[in-house]
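Below is one structure; the comments refer to it alone.
Protein chains in written order, with my numbering: chain A, 33 to 156; chain B, 9 to 185.
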């Protein structure tokens, strides 16, 4: 350490000071990985695509009078969706479509234990 | 510390810091056995990409298709007509479009299964639908699963499902391999 006299202590002290500075920056850097991980876990956990898929499927049913006006068929489809959802997606799903005048009332219930989604709409 | 030697001390300080940091880096690095959190990020991207590809296949391509309540999309045509070849080419094209992969550099594999319900017994059954070139077996890489509801106006052609209006679930496992 320079000339190997007692001034070496200063060098070590400076070393520690710089070290603390760089360590502080490295903590910030390591936190950014954690933020990326929890964000992507949050995105994975939120069932955005499942809900959009279920909605588009049921809105598709609402344009099919063979489903809206035939409660037997509707019950079959509801059985398909609720049984498949609970077996393959760990999700409780129910829906109903009822005609009122020219419009169709749509009810959707979706709950996968993390996110609960309920919708009541009137479709033309 | 106020004479010109201060510069040398600072430089030596940086040297000492570098030695200490490198030592600390190796010590902590040697103890790290857990996989980095980046795995979740690529899983998320893969899942989103698969969902998007299935959604595009389940979207009507023109007005005639949109107004036909029985077969509203390419995906419904594929499942109802039991056409895994059409499904494979369309799905692979979508995956390649978004990743820039080609026929020769194709690292995303998939395996698609259709799940359906038997009304009489209320059981869930399945049959294999389609898979990519190296997608027969799901191995090595952890796979993500994406699903899509598919409406069938009758029995999907050649399948063991009931002959009635029904909703089946298309489940696609996706992985890099």
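Quick reminder that beta carbons are idealized off the backbone N, C-alpha and C, glycines included.
None of these values were measured; they are calculated from a predicted model.
Item	Value
By Cβ distance, which residues of its chain are closer than 7 Å to residue 132/B, with the 5 residues on each side in sequence left out?	123, 125
Tell me the residue span of the alpha helix (DSSP H) that contains residue 94/B.	92–107
Any C-beta of chain B within less than 7 Å: which residues of the segment 114–144 of chain A qualify?	115, 116, 119, 120, 121
How many Å lie between residue 33/B and residue 12/B at the Cα?	33 Å
Rounded to whole angstroms, what is the Cα-Cα separation between residue 127/B and residue 177/B?	15 Å
Between the segment 81–101 of chain A and chain B, which residues of the former have a C-beta closer than 8 Å to a C-beta of the latter?	81, 82, 84, 85, 86, 88, 89, 92, 93, 95, 96, 98, 99
Is there at least one Cβ from chain A nearer than 8 Å to residue 20/B's Cβ?	yes
Restricting to Cα atoms, I'd like to know which of 161/B, 166/B, 153/B is closest to residue 92/A.	161/B
Can you look up residue 133/B in the DSSP assignment and give me helix, strand or coil?	strand
Under the three-state reduction of DSSP, which class applies to residue 143/A: helix, strand or coil?	strand
For residue 180/B, is the beta carbon positioned less than 7 Å from some heavy atom of the ligand FAD?	Looking for the ligand FAD in the displayed structure turns up nothing, as the structure carries no ligands at all.
Return the residue from the list 70/A, 153/A, 72/A, 145/A that minimises the CA-CA distance to residue 117/A.	145/A
Pull the bridge partners of residue 116/B from the DSSP assignment, please.	184/B
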